[in-house]
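In my numbering, the protein residues as written are 6 to 382. Ideal Cβ placement from N, Cα and C applies to all residues, glycine included. Notes follow the structure.
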Amino acid sequence: MNDKRLYGIDLFKALAMFLVVVLHVNTLGTAFDSSVPGSAQWWLTDGMMTAAYCCVDCFALATGFLMAERAFRPGRIVSLWLQVAFYAVVTTVVWYFAVPGAVGIKDIVSAFFPVLTSKYWYFSAYFVLFFFMPFINAMLHALDKRSRGALLAAVFVFLSLLPTFRPLGVIPLSAGYCFFWLAALYIIGACIKLDRLYERASGKTFVLLYFASIAVMLLWQLVFGAESETLISYVSPTVLLCSVALLCAFCRLQVGESFKGAAKFLSSTSFGVYLIHISPFILANYIADSFAFIAGLNAALVIPCELGCAAAIYAVCTLIEFLRQKLFALCGIDRLADIVSGRLDRGGYRRREAGPGRRKAIKRAGRQAACINRVVG
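The structure is reproduced here in structure tokens:
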């Protein structure tokens, strides 16, 4: 499986982004918040939100899984930056003319620097993580399988289990909205790939594990109160388990030849769906409070309506992202990005003879990794 593309991961990324939209329909769109606590509508929207809460973890896990055995290309960040800046600038300019006074020239200028302004928190955290990826990969490859297992256990206990039930002030996880949690998920995803952990059970078993985790979270609310959200967090063990189970399930998925093209397309447009529907202009005018009406529907219509609204948003954003890709190709932006990326890649990875100091550092790092492997073993 090392030399073959896992098309299930393409579908996994697409599903993760669809779950992001479902989550935002409930939270930002207030379908959940507008429901009366304890009502049938409340439990249905809560169930949908709970099932979708693993979406961010899924995306970060996929990054670690895909990058674990790939050569690091520093130029890759150029294409991502252009994509993010494009949507940030375009939507801000549209807002400037569509709603006079809502934004100013300063906002348009700041849109060119999405990381500095944190307009998209996930990209800001990912941007930092990106430059740590080669070092994380080097560490994971230096460790043996048993040592990586010990690392996974440490990540789970100190970055998920304890922060959920007994938060540690020395670990600033910000409920998962930060670089540290994305880095933890990257490590988990990479270990799943390197040690082929997805081969430990069947796809059906992983799917059952996903739904079992959701059931535990809903049962927790039933026992400790409808508004108890202890387990509803990106760093929660149950949410983490949901995302890991889905990743492993899709790794086991066999995608037919006729669907491989669609899987690649949906994967390539998934990040654009996030950038479009969460942009400040779209969020303020078309997402925020726009789905409160779902809370007033007949209980039998709540889930179909939520899924339908999320699917409509996803489809429209996918179309826009497809057009953006065509526009970049037509205007030569992709080619320019490739040139810049190529130079960055060559500059960052120009082969050079290892001097005495560098050879000593490599040997020292190898001895340290071997020491860890012996201690764990």
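For residue i, three-class secondary structure by DSSP
i	result
Val25	helix
Pro79	coil
Cys336	coil
Ser129	helix
Glu358	Caution is warranted here: a pLDDT of 43 is assigned to Glu358, below 50, making its placement in the model unreliable, and no coordinate value can be reported.
Gly34	coil
Leu157	helix
Ser40	coil
Glu262	helix
Ile283	coil
Phe118	coil
Cys256	helix
Tyr182	coil
Lys331	helix
Lys124	coil
Ala65	helix
Asn1	Because the chain here runs from 6 to 382, residue 1 falls outside it and cannot be looked at.
Ala188	helix
Pro168	helix
Thr235	coil
Lys9	coil
Cys59	coil
Ser295	coil
Pro242	helix
Ala15	Going by the sequence as given, residue 15 is Asp instead of Ala. The answer is helix: DSSP assigns Asp15 an H, G or I state.
Pro309	helix
Ile176	coil
Val388	The question about residue 388 has no answer here: the residues shown for the chain are numbered 6 through 382.
Whole-Å CB distance - residue i paired with residue j, under 8 Å assumed
i	j	result
Leu164	Val278	Contact flag wrong, Cβ pair sits at about 28 Å.
Glu333	Val99	It should be noted that the sequence gives Phe, not Glu, for residue 333. Not a contact, Cβ separation roughly 18 Å.
Pro119	Val89	5 Å
Leu134	Leu187	5 Å
Ala19	Leu271	4 Å
Ser123	Ser129	5 Å
Leu3	Arg153	In the structure as shown, the chain starts at 6 and stops at 382, and residue 3 therefore has no counterpart that could be examined.
Val94	Phe64	Not quite, the Cβ-Cβ distance comes to about 23 Å (not below 8 Å), so this is no contact.
Cβ-based neighbour list, residue i, same chain, cut-off 6 Å, excluding 5 preceding and 5 following
i	result
Arg357	Any reading at Arg357 is ruled out, since the residue's pLDDT is 45, under 50, leaving its predicted position unreliable.
Ala254	Gly208, Phe211 and Val212
Gly69	Tyr191, Gly194 and Ala195
Glu326	Thr274 and Gly277
Thr96	Ser284 and Phe286
Gln226	Ser233
C-beta atoms of residue i and residue j nearer than 9 Å
i	j	result
Val244	Asp112	no
Gly266	Ala73	no
Ile192	Leu157	yes
Leu246	Leu66	no
Gln330	Ser275	no
Ala45	Ala297	no
Leu199	Ser248	no
Phe185	Pro177	yes
Gly34	Ser295	yes
Ala398	Asp51	Because residue 398 is not part of the residues shown, which for the chain are 6 to 382, the question remains open.
Leu425	Cys256	In the structure as shown, the chain begins at 6 and stops at 382. Residue 425 is therefore absent and cannot be evaluated.
Trp126	Tyr182	yes
Ile219	Thr55	yes
Gly13	Leu258	yes
Met22	Tyr215	no
Leu28	Ala268	no
Trp394	Ala206	An answer regarding residue 394 cannot be provided, because it is not within the stretch 6 to 382 covered by the chain.
Arg78	Ser346	yes
Ala107	Ala289	yes
Own chain, CB closer than 8 Å to residue i, minus 5 neighbours either side, in chain order
i	result
Thr169	Thr235, Leu236, Ser238, Val240, Ser241 and Pro242
Close beta carbons around residue i, own chain, < 7 Å, minus the five adjacent residues each side
i	result
Ala342	Val83, Ser84 and Leu87
Gly360	Because Gly360 sits at a pLDDT of 49, beneath the cut-off of 50, its placement in the model cannot be relied upon, and the point is left open.
Cys322	Gly277, Val278, Ile281 and His282
Val30	Ala36, Phe296, Glu311, Cys314 and Ala315
Val221	Thr243
Leu49	Ala304, Val307 and Ile308
Leu166	Pro242
Cys60	Ala21, Leu24, Val25 and Leu28
Tyr354	Below a pLDDT of 50, predicted positions are generally treated as unreliable, and Tyr354, at 48, falls in that range; the measurement from the model is reported next regardless. Here the set comprises nothing.
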